[in-house]
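J.: Per the numbering used here, the sequence shown runs over residues 13 to 178.
No residue lacks a Cβ here, since even glycine has one placed at the ideal position from N, Cα and C.
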Amino acid sequence: MRRFIPVLLAMLLLAPSVVHAVQPDEVMANPAQEARARALSRELRCMVCQNQSIDDSDAPLARDLRLLVRERIAAGSTDAQVMDFLVSRYGEFVLLKPRLEGHTIVLWLIPPLALIGGGVALWFYNRRRTRVGDGEGGATFHLTPDEEARLETLIADEDSMKKPVS
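#1: Measuring CA to CA, which of L163, H154, L52 and L166 is closest to F97?
#2: What residues match up with R141 in a beta bridge as DSSP calls it?
#3: Beta carbon of R101, beta carbon of A49: below 7 Å?
#4: Hey, how far is the Cα of T165 from the Cα of K174?
#5: Measure the beta-carbon distance from E55 to L108 and round it to whole angstroms, keeping in mind my assumption that it falls under 8 Å.
#6: In chain order, what are the residue ranges of uninterrupted alpha helix (DSSP H) at least 4 long that sit wholly in the stretch 58-100?
#7: Which residues in the same chain have their Cβ closer than 6 Å to the Cβ of V30, if we skip the five residues on either side of it in sequence?
#8: DSSP three-state call for L163: helix, strand or coil?
#9: Hey, how far is the Cα of E170 from the Cα of L134?
#10: Are V94 and L73 close, meaning C-beta to C-beta below 7 Å?
#11: Quick check on L56: does DSSP put it in helix, strand or coil?
#12: Can you check DSSP and say which residues form a bridge with L107?
#13: Who are the Cβ neighbours of L112 in its own chain at under 7 Å, not counting the five residues just before and after it?
#14: Taking all protein chains shown into account, decide if V39 is buried (16 or more other Cβ within 10 angstroms of its Cβ) or exposed.
#15: Report all residues from its chain with a CB closer than 7 Å to the CB of H115; omit the five preceding and five following residues, and keep chain order.
#16: Which of the three DSSP states, helix, strand or coil, is assigned to A47?
Structure below.
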């Protein structure tokens with residue numbers, strides 16, 4: 013275990029830290045406005061990278077969106093107004109976390125329903141499996157008299173082979 017500690021420390025030191033794609037020329041002079049812009053940028057999807065926020069993406073479109081967010085904030089728009097503007101221009105897909113509305117309700121309901129459905133399926137499977145194992149109500153197997161006689165013969169032959177020869 014102790015030999016893995018230096019390797020782990022080396023990996024942590026060499027691992028890249030979280031890098032944001034915001035360029036120095038994009039940063040706003042007002043720290044409060046810059047903080048708002050960064051917070052909004054983390055909630056918006058890069059349309060090129062698709063699973064990255066525009067705050068993390070180096071794509072030219074992400075840069076344009078970051079500049080647009082900062083421009084709207086500098087013009088005095090609230091966070092909600094900026095988000096509504098971008099959604100009206102690019103659609104709901106621009107949001108990394110979709111809003112809970114009538115047309116997005118399915119996106120919010122599928123994961124919990126799938127989890128519940130899987131749990132119910134496992135419960136039924138386990139219940140069926142224990143019933144078959146216990147022989148209550150499930151499929152039980154009966155041997156015919158010929159099969160029982162054959163089984164007794166095989167068991168007797170096996171027992172006779174196990175006995176030590178004296």
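T.: In brief:
#1: Comparing Cα-Cα distances from F97 to each of L163, H154, L52 and L166, the minimum goes to L52.
#2: Its beta-bridge partners do not exist; DSSP assigns none.
#3: With respect to the 7 Å criterion, R101 and A49 are not classified as neighbours on the basis of their beta carbons.
#4: 14 Å
#5: 6 Å
#6: 72-86
#7: Summary for V30: the model assigns pLDDT 45, below 50, so the residue's position carries little reliability, and this model does not support an answer.
#8: helix
#9: 39 Å
#10: no
#11: strand
#12: L56
#13: W120
#14: exposed
#15: none
#16: Residue state, collapsed to three classes: helix.
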